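*Asks:* Here this note's numbering is used: the first residue of the sequence shown is 86, the next is one more, and so on. Ideal placement from N, C-alpha and C gives every residue a C-beta, glycine not left out. Keep in mind that this is a model prediction, so the values were computed, not measured. This is the structure I want to talk about, given as structure tokens.
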Amino acid sequence: MAITRDYYEVLGVSRNADAQQIKKAYRAKAMTYHPDRNPGDVEAEERFKEAAEAYEVLSNPEKKAIYDRYGHEGLKGQQGGFSVDDIFQQFSDIFGFSDLFGFGSRRRNRGPSPGGDIQVELTIEFDDAVHGIEKVFQIPTTRRCETCGGSGAAPGSTPSTCKSCGGRGQVHHTQGFFTIATTCPRCQGQGKVIVDPCQQCAGEGRVTVETEVKVHIPAGVDTGTRLRLRGKGNASESGGPNGDLYLFLNVLPSERFERHGPHLVTTIHIDFVQAALGCEIEVPSPHSSEPLRRTVEPGTQSGTQFVVEGEGMPVDGGRGRGKLVVDLIVDIPTKLDQKQRELLSAYAEHSGVSVAPSPARQGIFERLREKLN
């Protein structure tokens, strides 16, 4: 499982880079991490796919504009599955030919291509993001047909060798001094054709089924986090490995906390008397049902903040936590009873503070004048 990196960071260009700079950066990354230059290097293959994904967005003016404004979140639903075949086709398009230094020919000999990837958006509660959770859900996926074993041919029969290409999957056309090889239109490059198709899968070799997926969502994830589940995507049409499943997470907001990356902010209201005299308050913790107890110093003003270390969101795979910022709001009462007014008036008089006269201390003529006015 991996978290999507910033596309500009992936290609190593600034956000002000023009189309030519983006294309040049992608060419360099593609050449460096091409799987045929790094056989067996899973990390290099990941970087190759990552660069292709970044270029696919940043080279498209419409998608680039959305990404610049909203980031990965804005692209949800914009992109379909991005298979390895798509990436190599893109690689061929940008370099102008597919057999760059023999990459194209060696690619064909590496075996059947994997199945297509699947993208799923998954919504979780805020508390699930704090503590981590295991989710189990069902998604429709394509799987190898059990009736025909994935061959596409009816039981008891086998695919026949394509007569157009002799089983090579390619046909050759001679033009002057050049011989051009193209994918066989009859067998679509498979080298075989199905004469008697399987009734279960209609000759496709694959069927759509509901598949149960179980995934562990680590603590600390945020909206926009991408998780990758290898081999949980669609089955290959050519007998290769399954594609991958990508989960794009959406974390619901909390009623108690406002999130800022790994840090949380919570607002607590206190009475103006508590602010003046000092008090002890209970601070909610995202990690425990028991609140934290903290002391408010006498004379605290509204808008005062203090920080509780280690009570924010988990970071570094749960090896650390962000901060919890407590924002104190001092509430001023809007209505006072007679006793409260007398006490505050006495305080004002003692402090030499000018205040509006208390209705109880006004004479009958003053009160009558107020009513008439």
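Taking the C-alpha atoms as reference points, what is the distance between Tyr92 and Arg341?
*Replies:* What you label residue 92 is simply residue 7 of the sequence shown in a count that begins at 1. What you label residue 341 is simply residue 256 of the sequence shown in a count that begins at 1. Distance between the alpha carbons of Tyr92 and Arg341 is about 33 Å.
*Asks:* Tell me which residues share the same chain as Leu409 and place their Cβ nearer than 6 Å to its Cβ, disregarding the 5 neighbours each side in the sequence.
*Replies:* Reading the sequence shown from its first residue, position 324 is the one you call residue 409. If we look at Leu409 and ignore the five residues flanking it on each side, its Cβ neighbours are Leu349, Val393, Glu396, Gly397.
*Asks:* Rounded to the nearest angstrom, how far is the Cβ of Gln339 from that of Gly200, given a contact under 8 Å?
*Replies:* Residue 339 sits at position 254 when you count from the first residue of the sequence shown. Residue 200 sits at position 115 when you count from the first residue of the sequence shown. The sequence given here has Ser at residue 339, not Gln. About 38 Å; that fails the 8 Å criterion.
*Asks:* For Gln284, which residues of its own chain have a beta-carbon under 7 Å away from its beta-carbon, when the five flanking residues on both sides are left out?
*Replies:* Locating residue 284 in the sequence shown gives position 199, counting from the first residue. Taken in chain order, the residues that qualify are Ala239.
*Asks:* Assuming the contact rule is C-beta atoms closer than 8 Å, Ala110 and Gly97 should be a hit. Round their C-beta distance to whole Å, please.
*Replies:* Locating residue 110 in the sequence shown gives position 25, where the first residue counts as 1. Locating residue 97 in the sequence shown gives position 12, where the first residue counts as 1. With 8 Å as the limit, Ala110 and Gly97 qualify as a contact, their Cβ atoms being about 6 Å apart.
*Asks:* Out of Lys248, Ile279, Glu289, which has the shortest C-alpha to C-alpha gap to Cys269?
*Replies:* Taking the sequence shown and counting its residues from 1, the one referred to as residue 269 is at position 184. Comparing Cα positions, the closest option is Lys248.
*Asks:* By how many angstroms is the C-alpha of Val336 removed from the C-alpha of Ile355?
*Replies:* Looking up residue 355 in the sequence shown gives position 270. Looking up residue 336 in the sequence shown gives position 251. Between Ile355 and Val336, the C-alpha separation is close to 30 Å.
*Asks:* Please state if the CB of Asp213 and the CB of Ile353 are separated by a distance shorter than 8 Å.
*Replies:* Reading the sequence shown from its first residue, position 268 is the one you call residue 353. Reading the sequence shown from its first residue, position 128 is the one you call residue 213. Not a contact, by the Cβ cut-off of 8 Å.
*Asks:* Measuring alpha carbon to alpha carbon, tell me which residue in Ser323, Asp307, Ala360, Val300 is nearest Arg313.
*Replies:* Within the sequence shown, residue 313 is the residue found at index 228, counting from 1. Checking every option, the nearest Cα to that of Arg313 belongs to Val300.
*Asks:* Go ahead and pull the three-state DSSP assignment for Phe222.
*Replies:* The sequence position of residue 222 within the sequence shown is 137, counting from 1. In the structure shown, Phe222 sits in a strand (DSSP, three-state: E or B).
*Asks:* I think Ser99 touches Pro197, with their Cβ atoms under 8 Å apart; what is that distance to the nearest whole Å?
*Replies:* Here the question's residue 99 lines up with position 14 in the sequence shown. Here the question's residue 197 lines up with position 112 in the sequence shown. Not really, about 40 Å apart at Cβ, beyond 8 Å.
*Asks:* Thinking just about the alpha-carbon of each residue, which of Ser370, Val400, Arg229 is nearest to the one in Gly318?
*Replies:* Position 233 of the sequence shown, counting from 1, holds the residue named residue 318. The shortest Cα separation from Gly318 among Ser370, Val400, Arg229 belongs to Arg229.
*Asks:* If you compare alpha carbons, which of Gly384, Thr308, Ile366, Arg404 is closest to Leu377?
*Replies:* In the sequence shown, counting from the first residue as 1, residue 377 sits at position 292. The shortest C-alpha separation from Leu377 is found at Ile366.
*Asks:* If you run the structure through DSSP and keep just helix, strand and coil, what is Ile265?
*Replies:* As a position in the sequence shown, residue 265 is number 180, starting the count at 1. DSSP places Ile265 in strand when its eight states are reduced to three.
*Asks:* Looking only at C-alpha atoms, which of Gln386, Gly235, Pro282, Glu297 sits nearest to Pro326?
*Replies:* The count along the sequence shown starts at 1 and reaches residue 326 at position 241. Ranking Gln386, Gly235, Pro282, Glu297 by Cα distance to Pro326 puts Gly235 first.
*Asks:* Which term fits Val127, buried or exposed, when burial requires 16 or more other beta carbons within 10 angstroms of its beta carbon?
*Replies:* Locating residue 127 in the sequence shown gives position 42, counting from the first residue. Flag for Val127 reads exposed.
*Asks:* What residue range does the beta strand (DSSP E) around Glu289 cover?
*Replies:* One-based indexing of the sequence shown puts residue 289 at position 204. Element bounds for Glu289: n/a, residue is neither H nor E.
*Asks:* Looking only at its chain, what residues have a beta carbon closer than 8 Å to the beta carbon of Tyr152, apart from the 5 residues adjacent to it on each side?
*Replies:* Along the sequence shown, read from residue 1 onward, the residue named residue 152 stands at position 67. Counting only Cβ-Cβ distances below 8 Å, and skipping sequence neighbours, we find Tyr92, Val142, Leu143, Gly159, Leu160.
*Asks:* Among Tyr432, Gln223, Arg271, which has the Cα closest to the Cα of Thr246?
*Replies:* By one-based count along the sequence shown, residue 246 stands at place 161. Nearest of Tyr432, Gln223, Arg271 to Thr246, Cα basis: Arg271.
*Asks:* What does Val410 pair with, by DSSP beta-bridge criteria?
*Replies:* Looking up residue 410 in the sequence shown gives position 325. Val410 pairs with Val350, Val392.
*Asks:* The alpha helix (DSSP H) spanning Ser387 covers which residue range?
*Replies:* The residue you call residue 387 lines up with position 302 of the sequence shown. Careful: Ser387 lies outside any alpha helix (DSSP H) and carries neither H nor E.
*Asks:* Would you give the residue range spanned by the beta strand (DSSP E) that Gln204 belongs to?
*Replies:* Sequence index remark: in the sequence shown, residue 204 carries index 119 (1-based). Run containing Gln204: 203-209, per the beta strand (DSSP E) assignment.
*Asks:* Give the secondary structure of Arg430 by DSSP, where H, G and I count as helix, E and B as strand, and everything else as coil.
*Replies:* As a position in the sequence shown, residue 430 is number 345, starting the count at 1. One point to set straight first is that residue 430 is Ser, not Arg, in the sequence displayed. It is helical.
*Asks:* Mapping DSSP to helix, strand and coil, what is Asp170?
*Replies:* The residue labelled residue 170 in the question sits at position 85 within the sequence shown. Confidence is the limiting factor: at Asp170 the pLDDT is only 48, short of 50, which leaves the residue's position unreliable and the question unanswerable from this model.
*Asks:* Need the endpoints of the beta strand (DSSP E) that Phe333 sits in, please.
*Replies:* Position 248 of the sequence shown holds residue 333. That run of the beta strand (DSSP E) goes 330-336.
*Asks:* Would you call Gln105 buried or exposed, if buried means 16 or more other Cβ atoms sit within 10 Å of its Cβ?
*Replies:* Translated into positions along the sequence shown, residue 105 becomes position 20. Exposed.
*Asks:* When DSSP builds the beta bridges, which residues end up paired with Gly405?
*Replies:* What you label residue 405 is simply residue 320 of the sequence shown in a count that begins at 1. For Gly405, which the question treats as bridged, DSSP gives the partners Val400.
*Asks:* Taking the alpha-carbon positions, what's the Asp281 to Asn145 distance?
*Replies:* Working through the sequence shown from its first residue, we reach residue 281 at position 196. Working through the sequence shown from its first residue, we reach residue 145 at position 60. For Asp281 and Asn145, the distance between alpha carbons rounds to 44 Å.
*Asks:* State the beta-bridge partners of Asp416 as determined by DSSP.
*Replies:* By one-based count along the sequence shown, residue 416 stands at place 331. Its beta-bridge partners are Asp356.
*Asks:* How about Val298 and Ile224: are their beta carbons less than 8 Å apart?
*Replies:* Taking the first residue of the sequence shown as 1, we reach residue 298 at position 213. Taking the first residue of the sequence shown as 1, we reach residue 224 at position 139. The answer is yes: Cβ separation under 8 Å.
*Asks:* Kindly indicate which three-state DSSP category Thr117 falls into: helix, strand or coil?
*Replies:* Locating residue 117 in the sequence shown gives position 32, counting from the first residue. DSSP places Thr117 in helix when its eight states are reduced to three.
*Asks:* Would you tell me roughly how many angstroms separate the C-alpha atoms of Val205 and Leu332, rounded to the nearest one?
*Replies:* Numbered from 1 along the sequence shown, position 120 holds the residue referred to as residue 205. Numbered from 1 along the sequence shown, position 247 holds the residue referred to as residue 332. Using only the alpha carbons, I get a separation of about 5 Å.
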